[in-house]
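A.B. asks: Starting off with a structure, shown below.
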Amino acid sequence: MSSARRPRVVILPDETAVARALAGRIADAIGRNPRLVLGLPTGRTPIELYRELVALHEKGRADFSQVTTFNLDEFCGLPPADAGSYRSFMDRHLLAHVNVTPGRVNFLNGAAPDADAECVRYEDAIARAGGIDLQVLGIGTNGHIGFNEPARELHARTHRVTLKPETRRSNARLFGGDPAKVPAEALSMGMATILAARRIVLVATGAAKASCIERVINGGVTTEVPASFLQLHADAELMVDESAAREL
Ligand code: PGA
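Shown next, in the form of structure tokens:
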């Protein structure tokens with residue numbers, strides 16, 4: 000056991016194995032604590048995870064009725080029902096297919112008239128829920144988590160961000176393939192919001208993530224690789240496939 004190593008790393012053969020293993024852990028966590036507070040990501044990587052979670056739910060292995068969810072981030076300027084919103088993404092891939100209680104599903108409202116007040120509301124909602132028990136994260140090829148992009152300084156709390164051109168490009172698939180249609184701004188949980196979760200699992204698959212995974216594990220803690228801050232967390236784990244682990 001490499002118990003001193005932070006974060007722990009679990010390497011599995013491929014994307015499907017990673018999705019199955021993580022879905023199983025989430026189902027087990029809900030089994031142990033039916034009122035689990037779950038932090039959830041969007042992106043390509045979690046799609047297979049959500050498919051596996053829906054399958055476990057259908058087999059009676061994951062009862063979401065008392066689970067509370069908080070998504071990491073949302074685009075500014077889009078009403079929740081917009082097909083490009085992360086809210087719609089989550090409905091399509093997970094929330095519409097499991098027995099979540101609507102009042103326990105939490106999103107940042109990107110269309111809120113006062114973005115700063117909306118960020119404060121979200122922080123308060125997380126605190127009122129008792130904090131996040133299990134935060135699932137994806138990672139950008141540049142090491143970002145949520146919309147906390149590499150920078151000289153990172154934001155601690157939920158905040159408004161201007162998206163980088165590469166981030167808008169990688170989200171273009173939600174907007175008919177046109178990066179210009181991707182909103183220029185978003186709201187995101189901050190680094191301290193994420194790191195306050197009691198347990199964190201970051202999931203990464205594919206060779207494009209290999210070099211940032213290597214920096215997260217072997218590099219120092221640096222704002223230039225926001226995910227490297229997981230090294231400071233007492234219960235953080237990386238679940239990666241062999242392609243994403245090939246530089247370790
Ligand atoms: P991806 O995005 O799963 O689409 O690679 C991950 C992220 O940017 O957080």
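Here the sequence shown stands for residues 0 to 247, where the numbers follow numbering that gives the first Met the number 0.
C-beta atoms are modelled at their ideal positions from N, C-alpha and C, and glycine is treated no differently.
Since we're looking at a predicted model, the values are computed, not measured.
Which residue marks the beginning of the alpha helix (DSSP H) containing N217, and which one marks its end?
C.D. replies: A209 to N217
A.B. asks: For T68 versus V119, is the C-beta spacing smaller than 8 Å?
C.D. replies: no
A.B. asks: What is the DSSP secondary structure of F69, reduced to helix, strand or coil?
C.D. replies: strand
A.B. asks: According to the neighbour-count rule (16 or more other Cβ atoms, all chains shown, within 10 Å of its Cβ), is S187 buried or exposed?
C.D. replies: buried
A.B. asks: Counting only runs that start and end within the stretch 154 to 223, where is the alpha helix (DSSP H) found for 4 or more residues in a row?
C.D. replies: 164 to 169, 190 to 194 and 209 to 217
A.B. asks: Per DSSP, M89 is paired with what?
C.D. replies: Per DSSP, none; premise fails for M89.
A.B. asks: Report all residues from its chain with a CB closer than 8 Å to the CB of A185; omit the five preceding and five following residues, and keep chain order.
C.D. replies: D72, E73, F74, C75, G109, F146, R159, V160 and L162
A.B. asks: Using the rule of at least 16 other Cβ atoms within 10 Å of the residue's Cβ for burial, across every protein chain shown, is E148 buried or exposed?
C.D. replies: Classification of E148: buried, given that the 10 Å Cβ count is 16 or more.
A.B. asks: Would a check of beta-carbon distances place R24 closer than 8 Å to chain B?
C.D. replies: As a matter of chain content, chain B is missing from the structure shown, which is built from one protein chain.
A.B. asks: Could you spell out the range, first to last residue, of the alpha helix (DSSP H) harbouring A95?
C.D. replies: No residue range can be given for A95, since it is assigned to no alpha helix (DSSP H) and is classified by DSSP as neither H nor E.
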